[in-house]
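**Student:** Take this structure, written in structure tokens, and hold onto it; I'll ask about it next.
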Amino acid sequence: MNQDHDKHEAIDVDPQVSAHYQSLADEETPADLDNAVLREAARAVRADSRKGSFQAWYRPAAVMATVGLTLAIILDLSDPGIFSPAADMSLETALPVQTPADTTADRGPEPAQLLRMQPDLAPAATQPEGAPLEDHTGLSDVFTAEVEREKQRVQEMEAAAGTALKPAPNAAAKFARPRPAIALKPLLPEAPFACSDEQKSDVEEWWQCIATLRQSGQAAAADLELDNFREIFPDFELPE
Amino acid sequence: MSVIPEDSALMLRYKDGDVTAFETLYRRHKDSLYRYLLRLSQNRDTAEDVFQDVWGKIIKARHRYRPTAKFTTFLYRVAHNCFIDYVRRNNRHRVASAMDPDCRPDPGDEPDLEAEKSFARQRLDAALGTIPDEQRDAFLLHEEAGLSINTIAQVTGVNRETVRSRLRYATKKLKTALAEPAVHT
Numbered sequence: 003m004n005q006d007h008d009k010h011e012a013i014d015v016d017p018q019v020s021a022h023y024q025s026l027a028d029e030e031t032p033a034d035l036d037n038a039v040l041r042e043a044a045r046a047v048r049a050d051s052r053k054g055s056f057q058a059w060y061r062p063a064a065v066m067a068t069v070g071l072t073l074a075i076i077l078d079l080s081d082p083g084i085f086s087p088a089a090d091m092s093l094e095t096a097l098p099v100q101t102p103a104d105t106t107a108d109r110g111p112e113p114a115q116l117l118r119m120q121p122d123l124a125p126a127a128t129q130p131e132g133a134p135l136e137d138h139t140g141l142s143d144v145f146t147a148e149v150e151r152e153k154q155r156v157q158e159m160e161a162a163a164g165t166a167l168k169p170a171p172n173a174a175a176k177f178a179r180p181r182p183a184i185a186l187k188p189l190l191p192e193a194p195f196a197c198s199d200e201q202k203s204d205v206e207e208w209w210q211c212i213a214t215l216r217q218s219g220q221a222a223a224a225d226l227e228l229d230n231f232r233e234i235f236p237d238f239e240l241p242e
Numbered sequence: 080m081s082v083i084p085e086d087s088a089l090m091l092r093y094k095d096g097d098v099t100a101f102e103t104l105y106r107r108h109k110d111s112l113y114r115y116l117l118r119l120s121q122n123r124d125t126a127e128d129v130f131q132d133v134w135g136k137i138i139k140a141r142h143r144y145r146p147t148a149k150f151t152t153f154l155y156r157v158a159h160n161c162f163i164d165y166v167r168r169n170n171r172h173r174v175a176s177a178m179d180p181d182c183r184p185d186p187g188d189e190p191d192l193e194a195e196k197s198f199a200r201q202r203l204d205a206a207l208g209t210i211p212d213e214q215r216d217a218f219l220l221h222e223e224a225g226l227s228i229n230t231i232a233q234v235t236g237v238n239r240e241t242v243r244s245r246l247r248y249a250t251k252k253l254k255t256a257l258a259e260p261a262v263h264t
């Protein structure tokens with residue numbers, strides 16, 4: 003029993019009553035109550051440990067997921083391609099605005115024409131070797147024609163409705179934007195990839211061509227040309 | 080010489096997952112708490128219900144426990160509040176005899192002495208039953224928990240003069256009741 007009394011306190015309890023009470027109060031807690039409480043205490047600790055092990059991986063995983071998602075959103079928003087004029091233009095070109103006044107002939111570029119207008123889809127491999135890449139897509143012409151058609155349509159609408167509608171200046175500016183010709187840098191400006199038929203007609207020139215190929219580092223092409231050369235001119239004395 | 084760990088240290092160890100620390104703490108306080116509730120409620124079933132409720136609250140409160148006050152103060156404040164809640168919840172707890180024989184220690188080899196003791200205990204319980212709840216509460220907190228006047232004031236939420244007054248009246252009434260000639264039935 004706790005005897006925790008403050009000795010400095012003047013307790014107003016008769017010592018005889020207190021002693022009488024202490025001599026009689028000896029009841030004990032029933033065993034089933036003890037078991038129930040102790041079981042509850044142990045169960046609570048077990049629940050804590052289970053909760054702790056769950057939190058051990060749950061919290062770091064949640065933090066990692068949050069950081070990853072945040073980074074993905076930030077990187078996605080900071081991607082300049084989303085807001086670049088090229089992307090904007092391709093979207094407008096790919097999805098022309100339809101108006102009720104549109105006719106079948108005035109619907110904008112056909113799908114094949116759209117494909118030609120996409121600069122990224124233009125096959126670079128079809129360009130002649132060493133030649134600068136000219137703007138063969140006719141993109142500027144298409145844009146100019148598109149702007150002209152747009153202006154004409156607006157004028158017709160103005161005439162019909164009698165209102166002073168103006169074409170969207172931004173769209174016109176985008177369509178009219180001059181596109182610089184892209185020049186491909188020649189892969190081998192100084193050495194031909196293989197010897198021409200004209201060179202092969204003369205033994206000296208062919209031999210010179212093979213030497214040029216070898217000097218420019220195209221050993222495989224030079225060997226191939228040399229094999230052909232030996233077949234055709236087996237008697238030619240090769241210099242050292 | 081082994082050092083007996085303080086109640087607060089045991090509670091902190093239990094907070095960290097040491098169940099044996101809780102067992103030590105429980106065995107140290109269980110009987111006095113049980114007797115406090117038994118005599119306060121005057122009903123064994125009520126005492127057991129509230130007893131289990133009190134320890135359940137102590138177990139749940141282990142993470143919030145801070146050793147700013149004595150554990151005994153903390154324990155009996157919880158017990159006091161639990162009993163008041165119980166009484167309010169049940170409008171008025173059923174008062175019955177707390178003298179159930181199954182919660183008494185084994186009488187041993189002296190049945191006559193034990194019969195006398197049992198009779199004296201009945202008189203004590205009857206005398207305790209005649210005094211108001213607040214006075215009985217103060218008396219039991221002093222006798223069972225060994226709390227000082229200041230601590231009883233903290234636990235019951237009244238000032239120390241009120242506690243002194245309650246203790247004085249309770250003792251006076253008990254002394255009068257126990258001094259009356261015993262009548263064996």
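Protein sequence lines correspond, in order, to chains A and R.
Here the first sequence is numbered in our numbering, starting from 3 and rising by one per residue.
Here the second sequence is numbered in our numbering, starting from 80 and rising by one per residue.
By construction, the Cβ of each residue, glycine as well, lies at the ideal position given by its N, Cα and C atoms.
From a predicted model like this one, the values you see are computed outputs, not experimental measurements.
Less than 7 angstroms between C-beta atoms, sequence neighbours within five positions excluded: which residues of the same chain meet that for R216/A?
**Tutor:** Around R216/A: A224.
**Student:** Against chain R, with Cβ distances strictly below 8 angstroms, would Y23/A count as a contact?
**Tutor:** Answer yes: the Cβ-Cβ gap between Y23/A and chain R drops below 8 angstroms somewhere.
**Student:** Which one of L253/R, H159/R, R200/R has the shortest CA to CA distance from V237/R?
**Tutor:** Per the Cα distances, H159/R.
**Student:** Quick one: measure Cβ to Cβ for V47/A and V133/R, integer angstroms, because I've assumed they're closer than 8 angstroms.
**Tutor:** Their Cβ separation, rounded to whole angstroms, is 18 angstroms, which puts V47/A and V133/R out of contact at 8 angstroms.
**Student:** Does any residue of chain R have a CB that is nearer than 8 angstroms to the CB of A27/A?
**Tutor:** Yes, contact with chain R.
**Student:** If you check the beta carbons only, do A224/R and Y155/R fall under 8 angstroms apart?
**Tutor:** Going by C-beta atoms, A224/R is nearer than 8 angstroms to Y155/R.
**Student:** What's the gap between the Cα of L77/A and the Cα of E150/A?
**Tutor:** One C-alpha to the other measures close to 39 angstroms.
**Student:** Check whether the Cβ atoms of R215/R and L207/R lie closer than 8 angstroms to each other.
**Tutor:** Yes, they are a contact pair.
**Student:** Going by other Cβ atoms of all chains shown within 10 Å of its Cβ, with 16 needed for buried, is K139/R buried or exposed?
**Tutor:** K139/R should be labelled exposed.
**Student:** Mind checking if Q233/R is an interface residue toward chain A, Cβ cutoff 8 angstroms exclusive?
**Tutor:** Cβ-Cβ to chain A under 8 angstroms: no for Q233/R.
**Student:** Give me, in chain order, the residues of the same chain whose beta-carbon lies closer than 8 angstroms to that of T250/R; leave out the 5 immediate sequence neighbours on both sides.
**Tutor:** Cβ neighbours of T250/R beyond the five flanking positions: F218.
**Student:** Quick check on DSSP: helix, strand or coil for K109/R?
**Tutor:** In the structure shown, K109/R sits in a helix (DSSP, three-state: H, G or I).
**Student:** So is A49/A in contact with chain R if we call contact Cβ pairs under 8 angstroms?
**Tutor:** It does not: the Cβ of A49/A has no partner Cβ on chain R nearer than 8 angstroms.
**Student:** Can you give me the start and stop residues for the alpha helix (DSSP H) that A149/R sits inside?
**Tutor:** One detail in the question is off: residue 149/R reads as Lys in this sequence, not Ala. Careful: K149/R lies outside any alpha helix (DSSP H) and carries neither H nor E.
**Student:** Measuring straight from C-alpha to C-alpha, what distance separates Q201/A and D237/A?
**Tutor:** Computed Cα separation, rounded: 18 angstroms.
**Student:** When you compare the CB of A33/A with every CB in chain R, is at least one pair closer than 8 angstroms?
**Tutor:** Taking Cβ atoms only, chain R never reaches closer than 8 angstroms to A33/A, which makes this a no.
**Student:** Is the shortest distance between the beta-carbon of F198/R and the beta-carbons of chain A less than 8 angstroms?
**Tutor:** F198/R does not count as touching chain A.
**Student:** So is V69/A buried or exposed if we call it buried at 16+ other beta carbons inside 10 Å?
**Tutor:** V69/A should be labelled exposed.
**Student:** Quick check on the DSSP output: the alpha helix (DSSP H) that includes D212/R runs from which residue to which?
**Tutor:** First-last of the alpha helix (DSSP H) with D212/R: 212–222.
**Student:** Helix, strand or coil for A88/R? Go by DSSP, reduced to three states.
**Tutor:** The answer is helix: DSSP assigns A88/R an H, G or I state.
**Student:** For W59/A, is the classification buried or exposed, using 16 other Cβ atoms within 10 angstroms of its Cβ as the cut-off for buried?
**Tutor:** It is exposed - the Cβ of W59/A has fewer than 16 other Cβ atoms within 10 Å.
**Student:** Spell out whether any CB of chain A is found under 8 angstroms from the CB atom of E102/R.
**Tutor:** Taking Cβ atoms only, chain A reaches closer than 8 angstroms to E102/R, which makes this a yes.
**Student:** At the level of alpha carbons, what is the spacing between R167/R and V157/R?
**Tutor:** Roughly 15 angstroms separates the two Cα atoms.
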